[in-house]
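Enquirer:
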Amino acid sequence: MHVLRQCGNGREAVKAIRELAPDLVFLDVQMPGVDGFGVVEAIGPLAMPAVIFVTAYDANAVKAFDAEAVDFLLKPIDDDRFARALARARRRLEERTQQAMGARVAAVLAQLG
162 MHVLRQCGNG REAVKAIREL APDLVFLDVQ MPGVDGFGVV EAIGPLAMPA
212 VIFVTAYDAN AVKAFDAEAV DFLLKPIDDD RFARALARAR RRLEERTQQA
262 MGARVAAVLA QLG
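Note that the working numbering gives residue 237 to position 76 of the sequence shown, counting from 1, and the numbers run on in steps of one.
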């Protein structure tokens, strides 16, 4: 995993996601300007990368999973819990890659056939 950018607020996060198109983002639920959920909404479901929400408050967990987050980490973040969240994100990204490849193969076969 490579950290491409850290952002100080939600608006910066939206801009960075649009510019860099990362595979995975960690979003704090409570950021200045636009919160983590607002970032997800601003990017939209088709362009939004996999998300792991980070917060000090567990009250937002249900909302995070409603936003189709890969995981939800509570601060302070435990190393083992962080590792499990990364493993879950890797699995999700592998599934997305396999689905995209399957769709491309199906499209090629449809053109041939």
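Glycine is no exception: its CB is placed at the ideal position from the N, C-alpha and C atoms. These numbers come from a predicted model, not from an experiment.
Per DSSP, V212 is paired with what?
Expert: Looking at the DSSP assignment, V212 forms a beta bridge with V186.
Enquirer: Give me the Cα-Cα distance between E180 and A222, rounded to the nearest whole angstrom.
Expert: Rounded to the nearest angstrom, the two C-alpha atoms are 28 Å apart.
Enquirer: What is the residue span of the beta strand (DSSP E) that D239 lies within?
Expert: That residue, D239, is in no beta strand (DSSP E); it is neither H nor E in DSSP.
Enquirer: Which residues bound the beta strand (DSSP E) around L234?
Expert: Unbroken beta strand (DSSP E) run through L234: 232-235.
Enquirer: In this structure, does DSSP put L207 in helix, strand or coil?
Expert: Coil, per DSSP.
Enquirer: Between E229 and chain B, is there a C-beta pair that is closer than 9 Å?
Expert: Looking at the structure shown, chain B is missing, and only one protein chain is on hand.
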